[in-house]
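**Q**
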Amino acid sequence: RAEDIKEELRRQNIRTFSAGGTLEQDDGENWVEIQRGLRGHKAKSAPLCAHMGINVPNKSNPDFPGKTAYVYAEEAARGMYHHWARMMSEPSWDTLKP
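Under the numbering used here, the residues of the sequence shown are numbered 3 to 100, in order.
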């Protein structure tokens with residue numbers, strides 16, 4: 003149901019973006035400092051691992067549509083690029099349907 007999905011999204015948002023959440027509005031300074039650190043000699047001499055969520059099994063929840071993944075993953079971005087690649091390579095919109 004749409005109300006259940008909205009409630010779950012509301013709870014996840016509170017857990018992520020709030021005083022008790024993982025991230026807060028003032029995290030911009032933190033990200034600036036992370037970027038500054040990544041420009042250093044040590045960071046430049048080692049490969050960056052960006053495998054967030056790869057090989058972590060997707061969870062399925064019968065109460066919600068679509069795939070779900072571990073909260074700290076890039077599943078949504080990978081899914082978007084996968085769909086974009088399909089849109090670019092399919093011969094027609096009719097064959098693009100899931």
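Each residue gets a CB set at the ideal place from its N, CA and C atoms; glycine is no exception.
With three or more beta-carbon pairs closer than 8 Å as the criterion, would you say the region 50–60 touches the region 73–89?
**A** Enough Cβ pairs lie closer than 8 Å, so yes.
**Q** Which value, in whole angstroms, describes the spacing of the CA atoms of G42 and M89?
**A** Your numbering for residue 42 matches position 40 in the sequence shown. Your numbering for residue 89 matches position 87 in the sequence shown. If you take the alpha carbons of G42 and M89, they lie about 39 Å apart.
**Q** Can you tell me whether DSSP reads K8 as helix, strand or coil?
**A** Counting from 1 along the sequence shown, the entry for residue 8 is found at position 6. If DSSP states are grouped into helix, strand and coil, K8 belongs with the helices.
**Q** Mapping DSSP to helix, strand and coil, what is K46?
**A** As a first step, residue 46 must be located in the sequence shown, where it is residue number 44. Residue state, collapsed to three classes: helix.
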